[in-house]
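Report on the following structure.
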Ligand code: NAD
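In the numbering used here, the protein residues as written are 996 to 1293.
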């Protein structure tokens, strides 16, 4: 049989749900140790402004998971017409609260509130989302930083698949947002990958993709990344969450990646749902534990 006729075996499906469950178990164990040895209970405050139903679900899930790991959850829902000053006042209050080690403001915020002002008011040591300018700067200069949860989770899945040493690998990050694309690129750069950041203005995205050993897609366009964009044996991480209509009217979630095509080319691929999603909350809990320890000098 010639090489061309050799069939590429189907990709491994990366089980983010199981990985995240193990991580949460480890965190719960470490939280208990912290309580036993130092009598400290890590606390996470989540602030939601307005009544966006999707955000309400996220906040509820975060609260439940936080409590399940043995930490304290403080949830604040403020009305949609909350002023920026009122929100900043709430953040100052949480910055000063000794029971709160992590502060998360659910994004997006209503249009009349400046997101950057809010994020940059959070005490950097409590900035468990890693969006404060000080943490962004530290990450991009290779200093110890609070790392944004979604890219942090993606890197864990990549390393679980490819091993700890990623140096020299070609990586493409599709999407350049502050919350996923840019920090993801920084993390891969820190691992000595050769990183391409692609976005809506990138020319010939397919060819850029075909050179990559690692593809991370964080765009929000359903099944945009096709099977023949993928270099044989590449690892594909699908961050995208897109809700589509189904004939039964229930709708379902799909990623940025055409999963059934990509699985024929990749070495490993994350599904949607059950891939990156569960890792984001697990990493948020891990960041809260890290913050609690750091604040107490442990
Ligand atoms: P965003 O809208 O801020 O950024 C999207 C990026 O995609 C932009 O940088 C844009 O340039 C790029 N883009 C748009 N169209 C493109 C195209 N045709 N080709 C190439 N690039 C294109 O989004 P975000 O907040 O970074 O989120 C991206 C996706 O990831 C969304 O679907 C979001 O729901 C999902 N998400 C998932 C998690 C999770 O936990 N799984 C967390 C955050 C975001």
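Just so you know, even glycine gets a beta-carbon here, dropped at the ideal spot from N, CA and C.
Task: Segment limits, alpha helix (DSSP H) that includes residue 1176 - done: Boundaries of the alpha helix (DSSP H) harbouring residue 1176: 1176 to 1185, taken from the DSSP string.
Task: N- and C-terminal bounds of the beta strand (DSSP E) containing residue 1233 - done: 1230 to 1233
Open item on the list: Relative to the C-alpha of residue 1161, which candidate in 1284, 1063, 1175 and 1208 has its C-alpha closest?
Closed with: 1208
Task: Residues near residue 1012 by beta carbon distance below 6 Å, same chain, minus five either side - done: 1269 and 1273
TODO: Helix, strand or coil for residue 1158, going by three-state DSSP, please let me know.
DONE: coil
Open item on the list: Under 8 Å, with one C-beta from each stretch per pair, do the stretch 1036 to 1044 and the stretch 1274 to 1292 reach the 3-pair mark?
Closed with: yes
Open item on the list: Quick check on DSSP: helix, strand or coil for residue 1247?
Closed with: strand
Open item on the list: Under 6 Å: does the beta carbon of residue 1271 sit that close to some heavy atom of ligand 1?
Closed with: yes
TODO: Measure the alpha-carbon distance for residue 1078 versus residue 1127 and round it to whole angstroms.
DONE: Each residue's Cα considered, the two are about 20 Å apart.
Open item on the list: Quick check: what's the CA-CA separation for residue 1117 versus residue 1227?
Closed with: Residue 1117 and residue 1227 have their C-alpha atoms roughly 44 Å apart.
- [ ] Could you tell me if residue 1096 is buried or exposed, where buried requires 16 or more neighbouring beta carbons within 10 angstroms of its beta carbon?
- [x] buried
Open item on the list: Is residue 1212 a contact residue of ligand 1, with contact defined as CB to any heavy atom under 6 Å?
Closed with: Residue 1212: no, Cβ never under 6 Å from ligand 1.
Open item on the list: What I want to know is whether the C-beta of residue 1172 ends up closer than 6 Å to one or more non-hydrogen atoms of ligand 1.
Closed with: yes
TODO: Measure the CB-CB distance between residue 1258 and residue 1023 and report whether it falls below 7 Å.
DONE: Cβ atoms of residue 1258 and residue 1023: not closer than 7 Å.
Task: residue 1260 (DSSP reduced to helix, strand or coil) - done: coil
Task: Contact set for residue 1176: own chain, Cβ-Cβ below 6 Å, skip 5 residues either direction - done: Once the five neighbours on either side are set aside, the close Cβ partners of residue 1176 are 1168, 1170 and 1213.
Task: Classification of residue 1088 by the beta-carbon crowding that lies within 10 angstroms, buried from 16 upward - done: exposed
TODO: Use the C-beta contact count for residue 1158: other C-beta atoms within 10 angstroms, 16 or more gives buried, fewer gives exposed.
DONE: exposed
Task: Own chain, CB closer than 7 Å to residue 1198, minus 5 neighbours either side, in chain order - done: none
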